[in-house]
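Numbering (full-length UniProt numbering), first residue to last: 1 to 324.
Don't be surprised by glycine CBs; every beta carbon is placed ideally from N, CA and C.
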Amino acid sequence: MSQHTHEPSGAAGGPLTVAILAGGLSHERDVSLRSGRRVAGVLRDQGVHVEVLDVDSSLIPTLEAMRPDVVWPLVHGSTGEDGSLQDLLSLLGVPFVGTDATGCRRASLKPVAKSLLAAVGVATPVHVALPQALFREVGAQRVLAAVVARLGLPLVVKPAGGGSALGVTVVTDARELPEAMVDCFAYGDVALIERAVSGTEVAVSVVDTGDGPRALPPVEIVTDGPYDYDARYNAGRSEYFVPARLDDPGAAAVADLAVTVHTTLGLRHLSRTDMILDEAGTAWFLDANVAPGMTETSLFPQAAQAAGHPEQLYLAIVRAALAG
């Protein structure tokens, strides 16, 4: 039940209406649907009129008929985070939560994001980005031998786009590299291969509801094995500490990095940065997320909960989108 005596009002003076986009055709469809349902529930408890829409051939006519005040895209993976859905919403003239298309492209292409952040002094692991076609043209064995010779071991192999740790492998032995590449190329045409950094795995969410970006409490992730898709979305594989068990300089370093990522990549309203804090106190940038997961085990909701009044934060994000 809503605990509010009045409903939040939309642009036309009626109740605030939000269309949440979830699902789509990416490998992360199930996670997206769970995220959408969860955010819808939080907003409905605040008196917002919410409809959850799938991204399919009925989307445009449904949006045109519904005329929502704000659209909240919660489609994870390719079309949800690569700027294409944001371009579509801009074409339709609908205010939407999250980063615009240009910022999405900067963030979702991991090699591009890493280059932009390295240019402003952010630490990010040494890496190469290699398309599948190159392996066919030059010969996989020689390319992989050069990778190991240059970057050393252990390595992390991941698709250059996408999320939810799909197609990600930690390689500790060069003999594991060919299989890791096959797994990676199942999710994208370009592989990002980077030197593994050891330390504390931390995710820091950033919100900006109109008064500048601020970091939410950091979430520390301790996993039985790699923090892969299964560890992220199946309860019990991972343990989370919110706020993360960091000393003051460490907490400041991870918050600073997340805000730097948000501003440097031109992100909007909300983002999540994944990083490693090493023993020397350096925060290493791994990945930026423009449509962070919102399921029960996702990191953004845990950070919002720790910051207090998460339902008010979600409503403030919607209001920021409505305000442009």
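Rounded Cβ spacing between residue i and residue j (contact assumed at less than 8 angstroms)
{"i": "Pro154", "j": "Val170", "result": "6 angstroms"}
{"i": "His49", "j": "Thr79", "result": "Contact doesn't hold; Cβ gap of about 26 angstroms is too wide."}
{"i": "Val94", "j": "Pro61", "result": "Incorrect: roughly 13 angstroms between the Cβ atoms, too far for contact."}
{"i": "Gly47", "j": "Pro8", "result": "6 angstroms"}
{"i": "Val254", "j": "Leu246", "result": "7 angstroms"}
{"i": "Gly41", "j": "Leu33", "result": "In fact, because the Cβ distance is near 13 angstroms, the residues do not count as touching under 8 angstroms."}
{"i": "Ala31", "j": "His76", "result": "The sequence shown places Val at residue 31, not Ala. Confirmed, Cβ separation roughly 6 angstroms."}
{"i": "Val55", "j": "Phe96", "result": "Between Phe96 and Val55 the Cβ distance is about 13 angstroms, and since that is not below 8 angstroms, they are no contact."}
{"i": "Leu85", "j": "Leu21", "result": "7 angstroms"}
{"i": "Phe135", "j": "Val143", "result": "6 angstroms"}
{"i": "Ser298", "j": "Ser35", "result": "7 angstroms"}
{"i": "Leu322", "j": "Gly199", "result": "Contact doesn't hold; Cβ gap of about 40 angstroms is too wide."}
{"i": "Gly98", "j": "Val242", "result": "So it is not a contact: roughly 23 angstroms between Cβ atoms."}
DSSP bridge partner residues for residue i (one or two, in chain order)
{"i": "Glu220", "result": "Val202 and Phe241"}
{"i": "Val138", "result": "Partner(s): none; Val138 has no beta bridge."}
{"i": "His49", "result": "Thr17"}
{"i": "Lys158", "result": "Leu192"}
{"i": "Asp82", "result": "Paired residues: none, contrary to the question."}
{"i": "Phe185", "result": "DSSP, once it has assigned bridges, lists no residue as partnering Phe185."}
{"i": "Ser9", "result": "Pro15"}
Beta strand (DSSP E) segment containing residue i, residue limits
{"i": "Pro73", "result": "Val70 to Pro73"}
{"i": "Thr17", "result": "Thr17 to Ala22"}
{"i": "Ala107", "result": "Unbroken run through Ala107 is the alpha helix (DSSP H), Ala101 to Ser108; no beta strand (DSSP E)."}
{"i": "Leu25", "result": "Note, Leu25: premise wrong, no beta strand (DSSP E); not H, not E."}
{"i": "Pro131", "result": "His127 to Pro131"}
{"i": "Ala283", "result": "Ala283 to Asn289"}
Extent of the continuous alpha helix (DSSP H) to which residue i belongs
{"i": "His262", "result": "Asp248 to Thr264"}
{"i": "Ser271", "result": "It is not in any alpha helix (DSSP H) - Ser271 instead sits in the beta strand (DSSP E) that spans Leu270 to Leu277."}
{"i": "Val318", "result": "Pro310 to Ala323"}
{"i": "Asp211", "result": "Run containing Asp211: none; DSSP gives neither H nor E here."}
{"i": "Glu176", "result": "Premise fails: Glu176 is in no alpha helix (DSSP H) and is neither H nor E."}
{"i": "Leu59", "result": "Leu59 to Met66"}
Simplified DSSP assignment, three categories, for residue i
{"i": "Asp54", "result": "strand"}
{"i": "Val170", "result": "strand"}
{"i": "Ala306", "result": "helix"}
{"i": "Ser2", "result": "Note that Ser2 scores 41 on pLDDT, short of 50, meaning its location in the model is unreliable; the coordinates nonetheless yield the value given after this. Coil."}
{"i": "Ala123", "result": "strand"}
{"i": "Ser298", "result": "coil"}
For the segment 185-193 against the segment 206-223, do three or more pairs of beta-carbon atoms, one drawn from each stretch, fall closer than 8 angstroms, so that the two count as touching? With the cut-off at 8 angstroms, the segment 185-193 and the segment 206-223 do not touch.
For the pair the segment 192-201 and the segment 278-291, tell me if three or more CB-CB distances fall below 8 angstroms. Between the segment 192-201 and the segment 278-291, the count of C-beta pairs closer than 8 angstroms reaches three or more; the two stretches touch.
Taking 8 angstroms as the cut-off, does the segment 96-115 touch the segment 262-278 (at least 3 CB pairs, one atom from each stretch)? Segment contact: the segment 262-278 against the segment 96-115, three or more CB-CB distances shorter than 8 angstroms; contact assigned.
With three or more C-beta pairs closer than 8 angstroms as the rule, is the segment 209-218 touching the segment 293-310? Yes, the segment 293-310 is in contact with the segment 209-218.
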